[in-house]
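Peer 1: Numbers 340 to 408, taken from the numbering used here, label the letters of the sequence shown in order.
Beta carbons: idealized from backbone N, C-alpha and C, even for Gly.
Just so we're clear, the structure is a prediction, and the values are computed from it rather than from any experiment.
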Amino acid sequence: MPILVNLDVVMAKRKISAGELAERVGITPANLSILKNNKAKAVRFSTLEALCRALDCQPGDILEFIREE
């Protein structure tokens with residue numbers, strides 16, 4: 340998939356656990372795990388916004404486009 344989720348990198352920089360982030364964002368730890376492991380097919384803007392607020396970052400810090408050639 341050409342969209343890479345760098346959530347684990349941002350979480351490590353902010354020193355926040357998956358459990359704490361899931362609670363702050365209002366999603367289940369299982370759904371956060373799906374996002375972290377690049378298994379998600381889609382992300383709601385409301386979830387992306389909540390992640391950015393909780394992590395004090397921009398969407399581009401979490402999502403990266405990888406060009407497949």
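1. Alpha carbon to alpha carbon, what distance is there between residue 390 and residue 352?
2. Using 10 angstroms around the beta-carbon of residue 393, count the other beta-carbons present and answer buried if the total reaches 16, otherwise exposed.
3. Using CA coordinates, which residue listed in 398, 375, 376 is at the minimum distance from residue 385?
4. Tell me whether the beta-carbon of residue 357 lies closer than 7 Å to the beta-carbon of residue 343.
5. Taking the alpha-carbon positions, what's the residue 369 to residue 404 distance?
6. With DSSP as the reference, identify every bridge partner of residue 344, one or two as the case may be.
Peer 2: Result, derived from the coordinates:
1. 14 Å
2. buried
3. Of the candidates 398, 375, 376, the one whose C-alpha sits nearest the C-alpha of residue 385 is 398.
4. no
5. 24 Å
6. 402
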